[in-house]
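Worksheet: the structure to be examined is printed underneath.
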Amino acid sequence: MQANGSDRRLKVAGSALLGVFARCTETALLVAPETTPGAMAALEKHLGLAPFRGTLAGSSVVGSLACGNSRGFILTPHASDEEVARVSAFGKVARLSGKISAAGNVILANDTAALVHPGLSDRACESISRTLGVEVRRGTIGGLKTVGMTSVATNRGILVHPRISEAELAEVEDLFRLPVDVGTVNFGSPLVGSGILANSRGYAAGDETTGPELGRIEDALGFMG
5 MQANGSDRRL
15 KVAGSALLGV
25 FARCTETALL
35 VAPETTPGAM
45 AALEKHLGLA
55 PFRGTLAGSS
65 VVGSLACGNS
75 RGFILTPHAS
85 DEEVARVSAF
95 GKVARLSGKI
105 SAAGNVILAN
115 DTAALVHPGL
125 SDRACESISR
135 TLGVEVRRGT
145 IGGLKTVGMT
155 SVATNRGILV
165 HPRISEAELA
175 EVEDLFRLPV
185 DVGTVNFGSP
195 LVGSGILANS
205 RGYAAGDETT
215 GPELGRIEDA
225 LGFMG
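Residue numbers for the sequence shown follow the working numbering, so the first one is 5 and each next one is one higher.
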């Protein structure tokens, strides 16, 4: 698939922070209720999934409060029973245990692995591993514990915060066994996880993303050529 042009740049719920207001896997696309019909159509076109509107913990920041893969989702511990039931249509669902509640901000996952906030408990890590069916390791990216906001991972590649250290890079490469590259989004933001939605079919980026940034995203996630 070749990514091309400005129609990949959009807003979700009026924001260029797509990863805050939506969460994408290979099999599911959760979006904030305020997402416009135009954005819904663009997301479906580029990610190959029909968007599913809804809240988590009564909030629109569903990307910050959920992380998942093809097997299921980890949600904020504050998600209601009704919200959990709705998301369970896409696989196993577990609430993140402990005081850290923004699951999407603190977990970077694809279908084979997950890098998580160093402060997550053994119980939380075990739940993530069991629910998503992946190897789980604690770590940082660019010195930041909110690894889900620093990076975006698909089954084809990973784009990470430009200040990732050599040791962190080696750990990410060893864990995911995929190409890893650095980049930015939304005109220079290093928190690429906050501004990109991606799976193996395609991607969308915040509407402030520049052409060179799009090129870096396409290269890192395997959409060039």
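Note that beta-carbon positions come from the ideal geometry of N, C-alpha and C, so glycine has one too.
query: residue 161 and residue 189 look like a contact to me (Cβ under 8 Å); what is the Cβ gap, rounded to whole Å?
result: Not quite, the Cβ-Cβ distance comes to about 15 Å (not below 8 Å), so this is no contact.
- request: Could you check which residue in 163, 191, 66, 106 has the C-alpha nearest to that of residue 38?
  value: Ranking 163, 191, 66, 106 by Cα distance to residue 38 puts 66 first.
- request: Assign residue 222 to one of two classes, buried (16 or more other C-beta atoms within 10 Å of its C-beta) or exposed (fewer than that).
  value: Buried.
Terminal residues of the beta strand (DSSP E) in which residue 141 lies: First-last of the beta strand (DSSP E) with residue 141: 139 to 142.
message: Please state whether the Cβ-Cβ distance between residue 138 and residue 144 is less than 8 Å.
response: Not in contact: residue 138 and residue 144 (Cβ atoms no closer than 8 Å).
- prompt: If you run the structure through DSSP and keep just helix, strand and coil, what is residue 197?
  reply: helix
message: Quick check on the burial criterion: 16 or more other C-beta atoms within 10 angstroms. Buried or exposed for residue 149?
response: That one is buried.
query: Taking all protein chains shown into account, do 16 or more other C-beta atoms lie within 10 angstroms of the C-beta of residue 220, making it buried, or fewer, making it exposed?
result: It is buried - the Cβ of residue 220 has at least 16 other Cβ atoms within 10 Å.
- prompt: Which residue's Cα is closest to the Cα of residue 71: 85, 47, 133?
  reply: 133
- prompt: From 227, 62, 140, 120, pick the residue whose C-alpha is nearest to that of residue 87; which is it?
  reply: 62
message: Spatial neighbours of residue 131 within its chain, please: C-beta separation below 8 Å, excluding the five flanking residues on both sides.
response: 78, 98, 100, 101
- request: Report yes if the CB atom of residue 196 is closer than 8 Å to the CB atom of residue 187, and no otherwise.
  value: yes
field: Member of 203, 179, 35, 226 whose CA lies at the smallest distance from the CA of residue 68
entry: 35
message: Between the alpha carbons of residue 4 and residue 20, how many angstroms are there, rounded?
response: Residue 4 lies beyond the range of the chain shown here (5 to 229); nothing can be said about it.
field: Best match in 42, 13, 28 for proximity to residue 159 [C-alpha to C-alpha]
entry: 28
- request: For residue 184, I'd like the list of residues in its chain whose CB is within less than 7 Å of its CB, leaving aside the five on either flank, ordered along the chain.
  value: 162, 164, 173, 176, 177
task: Measure from the alpha carbon of residue 125 to the alpha carbon of each residue in 111, 115, 117, 116, then state which is nearest.
output: 111
query: DSSP on residue 46, reduced to helix/strand/coil?
result: helix
message: Could you pull the DSSP bridge partners for residue 185 from this structure?
response: Its beta-bridge partners are 163.
query: In chain order, what residues of the same chain lie with their CB nearer than 6 Å to the CB of residue 213, ignoring the 5 residues before and after it?
result: 13, 189, 190
query: DSSP on residue 72, reduced to helix/strand/coil?
result: strand
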